[in-house]
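**Q** Before we start, here is the structure in question, set down as structure tokens.
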């Protein structure tokens with residue numbers, strides 16, 4: 219908090235190295251600090267060491283899974299999320315992660331649906347999980363259910379661009395071009411990443427050319 223990053227790293231490393239003081243939390247904190255310093259490889263290595271020392275700590279597996287996903291290693295991330303569920307079967311975020319990842323890859327859709335429905339039972343008002351449900355409905359060709367679900371997700375998370383993009387894709391599948399354009403325009407407004415903005419802009423342009 220005082221921006222003494224080097225001291226914080228040294229303190230955590232010293233205590234991680236001592237059997238009597240080592241803790242899963244220290245690995246998570248150290249990894250987080252490395253990530254803040256844009257040292258993604260060190261962050262990843264720290265979490266891998268953490269799960270090796272504390273293989274039954276579900277939170278370390280979860281954090282490792284998230285970091286692997288950021289490194290575009292989705293399959294490896296799913297392996298870690300499965301380990302989370304072995305340790306804590308009702309971990310809603312791990313259930314949602316796996317279900318959404320499969321839906322995004324357009325694979326294992328029935329199993330993805332079951333995972334996401336379990337996650338919703340645990341967190342019924344979580345807009346991101348409801349977005350996942352809408353997305354798996356879309357992948358399954360259940361477009362009206364997808365639209366209804368994604369509209370509900372937006373009511374819970376009105377500032378998430380990914381949900382608006384998903385809704386735009388669904389409206390296009392329902393041949394509702396005007397509604398799709400509005401959803402895409404909102405997604406474009408909310409996206410900060412230039413690549414994501416560009417991808418949505420292409421969808422808007424494609425509608426305008428029709």
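Residue numbers (our numbering): 219 to 428. Glycine included, each C-beta is placed from N, C-alpha and C at the ideal position. Every value quoted in this text rests on a predicted model; they were computed, and no experiment measured them.
Could you work out which residue in 268, 288, 383 is closest to residue 397 when comparing CA atoms only?
**A** Ranking the options by Cα distance to residue 397, first place goes to 383.
**Q** Could you give the DSSP three-state label for residue 282: helix, strand or coil?
**A** Helix, per DSSP.
**Q** May I ask you to verify whether the segment 324-338 touches the segment 283-296, counting CB pairs closer than 8 Å and requiring at least 3?
**A** Not touching, per the Cβ criterion.
**Q** Going by beta carbon distance, what residues of the same chain come within less than 6 Å of residue 345, once the five residues before and after it are set aside?
**A** The answer, listed in chain order, is 371, 374, 375.
**Q** Beta-carbon separation of residue 341 and residue 310 under 8 Å?
**A** Contact: yes.
**Q** Mind reading off the beta-carbon distance from residue 240 to residue 271? Whole number of angstroms is fine, and I expect it under 8 Å.
**A** Contact holds; Cβ gap of about 7 Å.
**Q** If you drop the 5 nearest sequence neighbours on each side, which residues of the same chain put their C-beta closer than 7 Å to that of residue 405?
**A** Correct list, in chain order: 379, 382, 383, 386, 418.
**Q** State yes or no: is the C-beta of residue 196 within less than 8 Å of the C-beta of residue 354?
**A** Only positions 219 to 428 of the chain appear in the structure, and residue 196 is not among them; the question remains open.
**Q** Measuring CA to CA, which of 268, 400, 303 is closest to residue 336?
**A** The residue with the shortest Cα to Cα distance from residue 336 is 303.
**Q** Look at the alpha carbon of residue 224 and the alpha carbon of residue 231, and state the distance between them as a whole number of angstroms.
**A** When rounded, the distance between both Cα atoms is 11 Å.
**Q** Quick check on residue 281: buried or exposed, where buried means 16 or more other Cβ atoms within 10 Å of its Cβ?
**A** Answer is buried; the Cβ neighbour count reaches 16.
**Q** Could you tell me the distance, in whole angstroms, from the CA atom of residue 306 to the CA atom of residue 278?
**A** Between residue 306 and residue 278, the C-alpha separation is close to 12 Å.
**Q** Is the beta carbon of residue 321 less than 8 Å from the beta carbon of residue 357?
**A** Cβ atoms of residue 321 and residue 357: closer than 8 Å.
**Q** With 16 as the cutoff for other CB atoms within 10 Å, does residue 263 come out buried or exposed?
**A** With fewer than 16 Cβ atoms within 10 Å of its Cβ, residue 263 is classed as exposed.
**Q** Would you mind sorting residue 285 into buried or exposed? The rule is 16 or more other CB atoms within 10 Å of its CB.
**A** Counting Cβ neighbours within 10 Å, residue 285 comes out buried, since at least 16 surround it.
**Q** Please check the pair residue 244 and residue 233, which I expect to be a contact at CB under 8 Å, by giving their CB distance rounded to whole angstroms.
**A** Correct: roughly 6 Å between the Cβ atoms.
**Q** Note down the Cα distance separating residue 316 from residue 236, rounded to an integer number of angstroms.
**A** In a straight line, the C-alpha of residue 316 is about 35 Å away from that of residue 236.
**Q** How far does the alpha helix (DSSP H) with residue 341 in it extend, from its first residue to its last?
**A** Segment: none, residue 341 is in no alpha helix (DSSP H) and carries neither H nor E.
**Q** For the alpha helix (DSSP H) containing residue 309, list its first residue and its last residue.
**A** No alpha helix (DSSP H) contains residue 309, which DSSP labels as neither H nor E.
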